[in-house]
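The block underneath contains the structure these notes are about, expressed in structure tokens.
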Amino acid sequence: MILLWITVDSRARPRNFLKERKHEFSVDMTCEGCAEAVSRVLNKLGGVQFSVDLPSKKVCIDSEHSVDTLLATLNKTGKAVSYVGPK
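In terms of this note's numbering, the sequence shown opens at residue 2 and continues consecutively.
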């Protein structure tokens with residue numbers, strides 16, 4: 002009989018295994034029309050769940066799309082956009 006013990010170091014996992022799915026962005030939204038533009042481009046992208054907080058000018062997105070893809074999509078609104086970080 003052979004016994005085998007395997008220890009897994011969580012730091013050794015591939016980077017995409019630890020990939021964040023939830024991200025927060027700052028979007029220079031000033032009105033409901035701006036918020037609707039954000040909703041429109043994200044719905045067109047697909048594969049996303051999101052919330053838009055107009056008073057704080059924040060958009061939280063749950064998606065497997067890359068941050069670069071999400072930024073490019075939000076930039077289609079014509080508003081200033083920046084990545085805040087993982088949520």
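C-beta: ideal position from N, C-alpha, C; glycine also.
This structure is a prediction, so every number in the text was calculated from the model and none was measured.
Query: Put A13 into one of helix, strand or coil per three-state DSSP.; Result: For A13, the predicted model reports a pLDDT of 48, less than 50, meaning its position is unreliable and no value from the coordinates is stated.
Query: So, are the CB atoms of T78 and V39 less than 7 Å apart?; Result: yes
Query: Short check: CB of L55 to CB of T74, under 7 Å?; Result: no
Query: Check whether the Cβ of N76 lies closer than 6 Å to any heavy atom of the ligand SAH, and answer yes or no.; Result: No copy of the ligand SAH appears in this structure; indeed no ligand is present at all.
Query: Please confirm if S57 has its CB atom under 7 Å from at least one CB of chain C.; Result: Here chain C cannot be found, since the structure has a single protein chain.
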